[in-house]
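A short worksheet on the structure shown next.
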Amino acid sequence: MAITAQAAAHDATPTPSSVTSRYNVELTTGTEVVEAAQSFTLTLNIQDTTTNAPVTEFDEVHTKLLHLILISEDLGEFHHLHPDYEGDGTFTLNDVVLPLAANYIVFADFTPTGDTQQVVRNVLTVSGAEPTHAHLTASASDVTVGDLTIHLGNEGITAGTETSLSFHVTDANTGADVTNLEEYLGAAGHLVIIDPSTQVYIHTHPAGHDMDNMSGMSHTATATPEMAGMEMPMQYGPHLEFMATFPTEGLWAMWLQVQYEGEIYTFPYVVEVTGTSEAAPAAHHH
Ligand SMILES: [Cu+2]
Numbered sequence: 055m056a057i058t059a060q061a062a063a064h065d066a067t068p069t070p071s072s073v074t075s076r077y078n079v080e081l082t083t084g085t086e087v088v089e090a091a092q093s094f095t096l097t098l099n100i101q102d103t104t105t106n107a108p109v110t111e112f113d114e115v116h117t118k119l120l121h122l123i124l125i126s127e128d129l130g131e132f133h134h135l136h137p138d139y140e141g142d143g144t145f146t147l148n149d150v151v152l153p154l155a156a157n158y159i160v161f162a163d164f165t166p167t168g169d170t171q172q173v174v175r176n177v178l179t180v181s182g183a184e185p186t187h188a189h190l191t192a193s194a195s196d197v198t199v200g201d202l203t204i205h206l207g208n209e210g211i212t213a214g215t216e217t218s219l220s221f222h223v224t225d226a227n228t229g230a231d232v233t234n235l236e237e238y239l240g241a242a243g244h245l246v247i248i249d250p251s252t253q254v255y256i257h258t259h260p261a262g263h264d265m266d267n268m269s270g271m272s273h274t275a276t277a278t279p280e281m282a283g284m285e286m287p288m289q290y291g292p293h294l295e296f297m298a299t300f301p302t303e304g305l306w307a308m309w310l311q312v313q314y315e316g317e318i319y320t321f322p323y324v325v326e327v328t329g330t331s332e333a334a335p336a337a338h339h340h
């Protein structure tokens, strides 16, 4: 199958950039076929396509050398994983279990030292998978997972325009604002956005998590004596703002990940993005 590669910026205002063939990510599994619900080892070999040499040096981005996003082709399932670096351009992930006989889209998100962030797309097929398409319907603006409810406040999102996605985090049981989200992988939250064809990948973070603009963030109120002189852990909420530009209209899937009381929570959303006013058909011609 064809492997397409796609680069996307990993800064505060990401826009999907054009397809690149600069890097190849070769996926191999320890078994001849991957069976649903059966554990396997996933190996990734990253090569420079111009020289065929392995890429051996990577920058640490959000505390990891490689972020692996696995999404079922119907966009119903989302995993964010971190394979171990073995050296020589090889990463491995042990004990991977995929529950469904489905095609999984694998986005390898990495930054070769000296280059920009790269996102390379592959497809991993679980035995018995039938090709399918995402049949998305817009989600409710409130999504509850465990003890947290997160409200997406945007009323309308327009394609081609930088949009601030505004989330509000509350306790699902009491309705009280949650102000003590923890840092997860070096950010207040992580938002991954995918189009239904899974050709566009956007990964964005709240503005200012690198200490230059502290929106959406609060310090802990008190420091214990043990913490004197140490950097205090950051806490976040109830507001989280992410900048993103959706290149095209239609339904888009998003997953917001935050950490709360030591656990990682994943909130799935589907949002409708409308066309620009220029693109809308003219109503009347006189
Ligand atoms: Cu992230």
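Quick note: the sequence shown, position 101, residue 155 per this note's numbering, numbers continuous.
Quick reminder that beta carbons are idealized off the backbone N, C-alpha and C, glycines included.
Here the structure is a predicted model, which is why all the values come from computation and not from measurement.
By how many angstroms is the C-alpha of residue j removed from the C-alpha of residue i?
i      : j      : result
THR320 : GLU86  : 31 Å
LEU154 : MET286 : 42 Å
THR345 : ILE100 : No answer is possible for residue 345: it lies beyond the span of the chain, which begins at 55 and ends at 340.
GLY130 : HIS257 : 18 Å
PHE132 : TYR77  : 24 Å
SER251 : GLU127 : 8 Å
PHE112 : ASN176 : 20 Å
TYR323 : GLU140 : 35 Å
SER193 : PHE145 : 35 Å
THR299 : ALA230 : 31 Å
LEU239 : GLY329 : 34 Å
MET308 : LEU190 : 11 Å
ALA183 : HIS244 : 29 Å
MET271 : HIS222 : Here the model assigns MET271 a pLDDT of 38, short of 50, so the residue's position is not dependable, and the following value carries that caveat. The alpha-carbon atoms of MET271 and HIS222 are separated by roughly 12 Å.
PRO301 : GLY214 : 5 Å
ALA107 : LEU81  : 16 Å
Any heavy atom of ligand 1 inside 6 Å of the beta-carbon of residue i?
i      : result
PHE244 : At residue 244 the sequence reads His, which differs from the Phe that was named. At least one heavy atom of ligand 1 is nearer than 6 Å to the Cβ of HIS244, so yes.
HIS116 : yes
HIS133 : no
HIS257 : yes
Could you tell me which of the options sits nearest to residue i, measuring between CA atoms?
i      : options                        : result
ASP102 : ALA91, PRO166, ALA90, VAL88    : PRO166
VAL109 : VAL115, GLY143, LEU135, PRO137 : GLY143
LEU310 : ASP128, ASP149, THR104, LEU294 : LEU294
PHE94  : GLY207, GLU209, SER181, GLY229 : SER181
TRP306 : ILE211, PHE221, VAL151         : ILE211
ASP138 : LEU152, LEU120, TYR238, ALA194 : LEU120
GLY291 : ALA156, PHE161, PRO260         : PRO260
LYS118 : ASP149, THR104, ALA162         : ALA162
GLN171 : VAL79, GLN289, VAL115          : VAL115
GLU6   : GLY304, VAL327, GLU236, VAL325 : As shown, the chain starts at 55 and ends at 340. That puts residue 6 outside it, with no answer to give.
THR224 : SER218, ASP149, ASN234         : ASN234
Starting from residue i, follow the beta strand (DSSP E) in both directions and report where the run begins and ends.
i      : result
VAL151 : Taken as a continuous stretch (DSSP letters only), VAL151 belongs to no beta strand (DSSP E), as it is neither H nor E.
GLY84  : Taken as a continuous stretch (DSSP letters only), GLY84 belongs to no beta strand (DSSP E), as it is neither H nor E.
GLU295 : 293 to 299
GLY243 : Looking at the DSSP string, GLY243 is not in any beta strand (DSSP E), and its letter there is neither H nor E.
GLY214 : Neither: GLY214 is in no beta strand (DSSP E) and is coded neither H nor E.
Less than 7 Å between CB atoms is the rule here; does residue i satisfy it with respect to chain B?
i      : result
HIS189 : Checking the listed chains, one finds no chain B in this structure; it contains a single protein chain.
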